[in-house]
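In my numbering, the protein residues as written are 7 to 338.
Ideal Cβ placement from N, Cα and C applies to all residues, glycine included.
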């Protein structure tokens with residue numbers, strides 16, 4: 007039976023279908039406000055059926071990606087910050103607590119070597135009363151760096167520079183057994199990722215920063231996971247650094263082959279975290295397309311689709327519109 011619900015904005019009732027627990031909200035005027043987080047919580051409370059949980063009610067994993075709040079981070083650092091001129095890095099620390107200081111030194115060293123100054127280093131505050139006692143033991147603490155370049159670089163140049171810092175940290179973290187568990191959720195001058203072994207409705211109440219009225223944003227997207235081919239773990243929760251995507255096997259195979267060929271041509275290697283899912287690989291490749299190859303976000307996404315979709319002229323007009331809309335996040 008034909009769907010009789012009217013089409014509104016980017017939504018087209020004629021191509022409606024069910025999918026996993028993902029959502030995207032943005033203000034087209036680019037104005038940062040706390041209202042978007044309130045609306046985001048309403049959306050997150052509408053998708054629990056799309057996420058998995060254990061028999062004890064512990065979520066398979068859920069998270070949120072938001073743009074950096076100029077207001078919030080200015081108040082935290084007690085200096086006037088402007089979007090695009092500072093960065094935020096969120097990290098899970100090593101499983102071995104005796105290695106935490108070594109991990110912190112590694113991140114600090116890579117930031118300093120790249121000409122970054124740490125404005126604030128803190129433990130990300132959480133509210134354990136908002137999740138169950140069993141869930142508390144499944145979470146990993148997050149260490150947060152707020153930093154800025156010592157020069158006047160900003161925008162895409164700064165973001166590319168930060169991406170190189172990420173790769174340098176990963177090159178050590180993913181091969182040193184002592185640092186097992188050190189994992190960058192995100193490090194960027196544009197966005198930050200917050201995630202864990204959570205259910206969708208728990209994300210915003212759990213992370214205290216998101217409850218603050220000073221936290222004002224213009225864009226967010228979220229993902230709630232139903233673990234299938236990998237075990238539930240905070241690092242496997244989504245979003246990743248640039249996307250929230252359920253990895254498709256044909257897409258994953260295509261991109262693994264192309265990444266291996268590109269790395270071989272450059273006499274380099276791809277360093278991946280242990281237990282990486284197909285979605286995580288997709289995100290890693292997407293980052294490479296954007297930062298290493300210089301593609302804009304839309305072209306990078308299209309280039310990673312199966313062959314029949316690679317020509318943007320062949321895209322369904324509605325899909326093309328959505329991809330252009332996602333690029334708003336990159337441009338703000």
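For residue 337, count neighbouring Cβ atoms within 10 angstroms of its own Cβ and tell me buried if that reaches 16, exposed if not.
Counted from its first residue, the chain shown places residue 337 at position 331. Unreliable positioning characterises residue 337 in this predicted model, as indicated by a pLDDT of 46, which lies under 50. The coordinate reading is nonetheless provided below. So residue 337 counts as exposed.
Give the DSSP bridge partners of residue 123, in chain order.
The count along the chain shown starts at 1 and reaches residue 123 at position 117. DSSP lists 154 as partners of residue 123.
Beta-ladder partner(s) of residue 96, from DSSP:
Position 90 of the chain shown holds residue 96. Paired residues: 150 and 192.
Reference residue 111, options 178, 49 and 272, closest by Cα
Your numbering for residue 111 matches position 105 in the chain shown. Checked all of 178, 49 and 272; the closest Cα to residue 111 is 178.
Could you round the C-beta distance between residue 141 and residue 84 to whole angstroms and report it? I think they count as a contact, below 8 Å.
Translated into positions along the chain shown, residue 141 becomes position 135. Translated into positions along the chain shown, residue 84 becomes position 78. With 8 Å as the limit, residue 141 and residue 84 do not qualify as a contact, their Cβ atoms being about 34 Å apart.
Could you check whether residue 208 and residue 29 sit closer than 8 Å to each other, using their CB atoms as the reference points?
One-based indexing of the chain shown puts residue 29 at position 23. One-based indexing of the chain shown puts residue 208 at position 202. In this structure, residue 208 does not lie closer than 8 Å to residue 29 by Cβ.
Report the three-state DSSP secondary structure of residue 132 (helix, strand or coil).
The residue labelled residue 132 in the question sits at position 126 within the chain shown. Three-state DSSP puts residue 132 in a strand.
Quick check: the Cα distance between residue 298 and residue 61, rounded to an integer number of angstroms?
Translated into the one-based positions of the chain shown, residue 298 becomes position 292. Translated into the one-based positions of the chain shown, residue 61 becomes position 55. Approximately 43 Å, taken between the alpha carbons.
Residues near residue 315 by beta carbon distance below 6 Å, same chain, minus five either side
Here residue 315 corresponds to residue number 309 of the chain shown, with the count starting at 1. Low confidence applies here, because residue 315 scores a pLDDT of 47, under 50, leaving its location unreliable; read the following figure in that light. Excluding positions up to five away in sequence, the list is empty.
Name, in chain order, the residues that DSSP records as bridge partners for residue 166.
Sequence index remark: in the chain shown, residue 166 carries index 160 (1-based). Checking the DSSP bridge columns, you'll see residue 166 has no partner listed.
Given a cut-off of 8 Å, decide if residue 43 and residue 221 are closer than it, judged by their beta-carbon atoms.
Counting from 1 along the chain shown, the entry for residue 221 is found at position 215. Counting from 1 along the chain shown, the entry for residue 43 is found at position 37. For residue 221 and residue 43, yes; Cβs fall inside 8 Å.
By Cβ distance, which residues of its chain are closer than 6 Å to residue 150, with the 5 residues on each side in sequence left out?
Residue mapping note: residue 150 aligns to position 144 of the chain shown, counting from 1. Closer than 6 Å at Cβ, skipping near neighbours: 96, 128 and 130.
By the DSSP assignment, the alpha helix (DSSP H) with residue 284 in it spans what residues?
Within the chain shown, the letter at position 278 stands for residue 284. Counting along the chain, the alpha helix (DSSP H) containing residue 284 begins and ends at 284-293.
Specify the secondary structure class of residue 267 as computed by DSSP and reduced to three states.
Your numbering for residue 267 matches position 261 in the chain shown. Helix, per DSSP.
Beta-carbon proximity of residue 32 to residue 224, cut-off 8 Å:
Here residue 32 corresponds to residue number 26 of the chain shown, with the count starting at 1. Here residue 224 corresponds to residue number 218 of the chain shown, with the count starting at 1. A contact, by the Cβ cut-off of 8 Å.
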